[in-house]
Amino acid sequence: MTKGDALGMAQEKKGKCFPVQHILFLKTHKTGSSTMANIFFRYGNSKNLTFVLSPGTLLGWPHKFHITHPLRLFSKAPNILCSHARFNKEPMNWLFPKETSKYVTILRNPVDNFESVFNFAQLGKSLGFGDNLDGLERFLTKGIDFNRTHNGLMSHLARNPMMFDLGLNYKFYQNLTAVQKYVRFLDKEFDLVMIMDYFDESLVLMKRLLCWELEDILYVKLNARLDKEIARNLSKTVQENIKRWNMADVLLFDHFNATFWRKVKMEGPSFNDDLIAFRRRKEETKRLCLKDEMQQERAYHEKKGDALGMAQEKKGKCFPVQHILFLKTHKTGSSTMANIFFRYGNSKNLTFVLSPGTLLGWPHKFHITHPLRLFSKAPNILCSHARFNKEPMNWLFPKETSKYVTILRNPVDNFESVFNFAQLGKSLGFGDNLDGLERFLTKGIDFNRTHNGLMSHLARNPMMFDLGLNYKFYQNLTAVQKYVRFLDKEFDLVMIMDYFDESLVLMKRLLCWELEDILYVKLNARLDKEIARNLSKTVQENIKRWNMADVLLFDHFNATFWRKVKMEGPSFNDDLIAFRRRKEETKRLCLKDEMQQERAYHEKFVKGYLVRNDLTPRLKVWCGHFVRKENSFLDYLRKTRLIKLRNAGLDKFIRVEKETDWNIAKDLQYKPITSTQIIH
Numbered sequence: 001m002t003k004g005d006a007l008g009m010a011q012e013k014k015g016k017c018f019p020v021q022h023i024l025f026l027k028t029h030k031t032g033s034s035t036m037a038n039i040f041f042r043y044g045n046s047k048n049l050t051f052v053l054s055p056g057t058l059l060g061w062p063h064k065f066h067i068t069h070p071l072r073l074f075s076k077a078p079n080i081l082c083s084h085a086r087f088n089k090e091p092m093n094w095l096f097p098k099e100t101s102k103y104v105t106i107l108r109n110p111v112d113n114f115e116s117v118f119n120f121a122q123l124g125k126s127l128g129f130g131d132n133l134d135g136l137e138r139f140l141t142k143g144i145d146f147n148r149t150h151n152g153l154m155s156h157l158a159r160n161p162m163m164f165d166l167g168l169n170y171k172f173y174q175n176l177t178a179v180q181k182y183v184r185f186l187d188k189e190f191d192l193v194m195i196m197d198y199f200d201e202s203l204v205l206m207k208r209l210l211c212w213e214l215e216d217i218l219y220v221k222l223n224a225r226l227d228k229e230i231a232r233n234l235s236k237t238v239q240e241n242i243k244r245w246n247m248a249d250v251l252l253f254d255h256f257n258a259t260f261w262r263k264v265k266m267e268g269p270s271f272n273d274d275l276i277a278f279r280r281r282k283e284e285t286k287r288l289c290l291k292d293e294m295q296q297e298r299a300y301h302e303k304k305g306d307a308l309g310m311a312q313e314k315k316g317k318c319f320p321v322q323h324i325l326f327l328k329t330h331k332t333g334s335s336t337m338a339n340i341f342f343r344y345g346n347s348k349n350l351t352f353v354l355s356p357g358t359l360l361g362w363p364h365k366f367h368i369t370h371p372l373r374l375f376s377k378a379p380n381i382l383c384s385h386a387r388f389n390k391e392p393m394n395w396l397f398p399k400e401t402s403k404y405v406t407i408l409r410n411p412v413d414n415f416e417s418v419f420n421f422a423q424l425g426k427s428l429g430f431g432d433n434l435d436g437l438e439r440f441l442t443k444g445i446d447f448n449r450t451h452n453g454l455m456s457h458l459a460r461n462p463m464m465f466d467l468g469l470n471y472k473f474y475q476n477l478t479a480v481q482k483y484v485r486f487l488d489k490e491f492d493l494v495m496i497m498d499y500f501d502e503s504l505v506l507m508k509r510l511l512c513w514e515l516e517d518i519l520y521v522k523l524n525a526r527l528d529k530e531i532a533r534n535l536s537k538t539v540q541e542n543i544k545r546w547n548m549a550d551v552l553l554f555d556h557f558n559a560t561f562w563r564k565v566k567m568e569g570p571s572f573n574d575d576l577i578a579f580r581r582r583k584e585e586t587k588r589l590c591l592k593d594e595m596q597q598e599r600a601y602h603e604k605f606v607k608g609y610l611v612r613n614d615l616t617p618r619l620k621v622w623c624g625h626f627v628r629k630e631n632s633f634l635d636y637l638r639k640t641r642l643i644k645l646r647n648a649g650l651d652k653f654i655r656v657e658k659e660t661d662w663n664i665a666k667d668l669q670y671k672p673i674t675s676t677q678i679i680h
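Sequence positions in the sequence shown follow the working numbering and run 1 to 680.
Now the structure itself:
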């Protein structure tokens, strides 16, 4: 078992990797991007992935990309962006987090690229130089005011077209230092920059990066120019002038052409084997699918083209998992677990699935309408009370990029605790004490009668209820066993509260977290006087009989838990010892010896901790988070969410305004520009 999996990227585990399915492909003009888009369209369609789409073919281009440009995604983390969009780091990183996505683009040698752009976009014609090779030569040699080039959509590509697509501001085109700095910036942003001049090699390199199959990158060249329109013999003067006019593109290409071949070299001899196999497979596909004759198709304006009928482990290092669905179950230490996730997510500036209160639709099964709106952002953590529902949860937290965790407790202690905490004996007329539990179990009750309050849904098999099993199957042994097997496939880790520290160390290894990330103080612990210390054997047996589904559930996952621990090897115990030592040090550092009572639910009180007064302000905040109550933490996270939305310009979507107060003059101000200004 690995200690963690990287999400959204090609993961290696004993030679096996997992396909990347969160990809931003930044299209550049006349570089084979249409062929690339076709590859992504086919792949995404075959895997039922979600695309970032627009009403047309452009995602706001020539303006820099903004999150308002795509069709609304309704809280679903998108898988692929491959339409024309001008690079803009912040909103693109927001939709495609670098930790879970791969960023790819493609370049072409600047001489061929600019000649192709000039011809295809009819820049010579639109700028008054003629729509042929002579027009290109006149454009380059006679010179032109750069502002004059901006008289049409495609005229934005009249200088450094690749750098324009990649987001460089016009004003830096002649600034060598700024261009070099921007190239270094792009080198950090993109995982792979392909080279059209070596298209097959680029695809094989991409296949390896994304952990795809050869079949996934097969292609037929699209939007290829007619033979008669290809400029076969550009003079050295024209070539040199193209390079001078497009200095930024030249520096861009030279840098990434060099890095491309360094990456190929790092792949080793097997790369060439892949390349040979790919080219052979490509030719076989072409012979199988296509006729020999070709036709002309309209591509743009009056131009026609030839139309043809994936927590990653690598070299011992793992990457922290930051997309986690934690399914809370009642009275199993889930409040303590939620505090761990709240602290981790807050420290990493992650996004939570939140509700207006503490429940995400519970006791109803989870639905995507239950959380506060996420505004197209892939959420990182769900750890509030939600009843398991596979389809909408898998939609928000795709299994390929997320980890699913829950926690169980031995059913005898769990049911006694639930019965006491939710005051079920009192609400059902049996009395609010241990005798009430005994009477409830021995005198019997019609199950339908238990449903007279919110918490009464937990009056039988409370853990199975939280995990989504329908009441009608509670006594159906075959159905319960089948559902347990289903849960075994859905959850990556089922923790056991009775072995809480061991469970946390196992979770730490699964998520590739640090020991500091799983430190805790036990929250919502019952007062000593309310703990039932001596349940009779009769009561224990009747609890098991009444909660047969929970017993089968626990027995199965308790066994699988210890198998997983055994698979971790001797180093697991070293981690456990270190964790317990660090936990005690933190408790001594942060907390007073005395404790207090805190109200938890209705008339129920729990143990509360007091933070030491002699701490530095920074340490006091850090320690305070360990004992922060769930409601307080949720209020804080909701306020943080509003701040994030405001900073991203999205808070207007959650403000409710009366239509009569809508100030159109104020909200729709229009400031015209002069003809000499450039729109950036």
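Ideal Cβ placement from N, Cα and C applies to all residues, glycine included.
Bear in mind the structure is a predicted one, so any value in this text is a computation, not a measurement.
Exposed unless 16 or more other CB atoms sit within 10 angstroms - verdict on residue i
i      : result
Ile577 : exposed
Trp562 : exposed
Met266 : exposed
Ala258 : exposed
Gln322 : buried
Gln174 : exposed
Tyr300 : Summary for Tyr300: the model assigns pLDDT 44, below 50, so the residue's position carries little reliability; its value from the coordinates is reported in the next sentence. Result: exposed.
Met92  : buried
Met163 : buried
Pro70  : buried
Lys315 : Here the model assigns Lys315 a pLDDT of 36, short of 50, so the residue's position is not dependable, and the following value carries that caveat. Under this definition Lys315 is an exposed residue.
Glu585 : exposed
Asn48  : exposed
Gly624 : exposed
Gly425 : buried
Thr681 : Nothing can be reported for residue 681, as the shown portion of the chain is limited to 1 through 680.
Closest residue to residue i among the options (Cα-Cα distance)
i      : options                        : result
Thr285 : Lys331, Asp216, Lys522         : Asp216
Leu218 : Ala559, Tyr173, Lys282, Leu553 : Lys282
Gly56  : His63, His84, Lys328, Leu49    : His84
Lys537 : Leu166, Leu553, Leu441, Gly333 : Leu441
Thr105 : Asn169, His66, Asp187          : Asp187
Ala549 : Trp513, Val565, Asn461         : Asn461
Val494 : Asn558, Ala479, Thr616         : Asn558
Asn542 : Phe415, Tyr474, Leu504         : Phe415
Ser270 : Pro320, Leu327, Glu201         : Glu201
Leu535 : Phe342, Lys489, Leu434, Gly357 : Leu434
Asn613 : Lys171, Pro371, Lys592         : Lys592
Val611 : Cys590, Glu594, Val238         : Cys590
Glu516 : Leu210, Val412, Ile368, Arg343 : Arg343
Cys318 : Lys587, Lys508, Gln21          : Lys508
Leu252 : Gln180, Leu210, Ser235         : Gln180
Bridge-paired residues (DSSP) for residue i
i      : result
Met495 : Ile407
Met194 : Ile106
Leu24  : Leu81, Tyr103
Val611 : Leu591
Leu58  : His84
Phe51  : Ile80
8 Å Cβ cutoff met for residue i and residue j
i      : j      : result
Lys331 : Phe260 : no
Ile324 : Leu511 : yes
Phe419 : Leu437 : yes
Ala248 : Asn160 : yes
Arg409 : Met497 : yes
Ser101 : Leu24  : yes
Val193 : Leu107 : yes
Val220 : Leu275 : no
Ile518 : Ile407 : no
Glu630 : Ser417 : no
Arg212 : Pro19  : Note that residue 212 corresponds to Trp in the displayed sequence, not to Arg. In contact: Trp212 and Pro19 (Cβ atoms closer than 8 Å).
Proximity test, residue i beta-carbon vs the ligand ATP heavy atom, cut-off 7 Å
i      : result
Met337 : The ligand ATP is not among the ligands present in this structure, which contains no ligands whatsoever.
Alpha helix (DSSP H) runs contained entirely in the stretch 315-394, provided each spans 4 or more residues: Qualifying alpha helix (DSSP H) stretches, in chain order: 334-347.
Note down, one range per segment and in chain order, each beta strand (DSSP E) of at least 3 residues found wholly within the stretch 64-118. 102-107
Please go through the stretch 467-514 and give each complete alpha helix (DSSP H) segment of 4 or more residues, from N-terminal end onward. 477-490, 500-511, all fully within the stretch 467-514.
Segments assigned alpha helix (DSSP H), at least 4 residues, entirely inside the stretch 232-295: Entirely contained in the stretch 232-295, the alpha helix (DSSP H) runs reaching 4 residues are, in chain order, 236-245, 247-267, 270-289.
Secondary structure, beta strand (DSSP E): runs of 3+ residues fully inside the stretch 543-589: none
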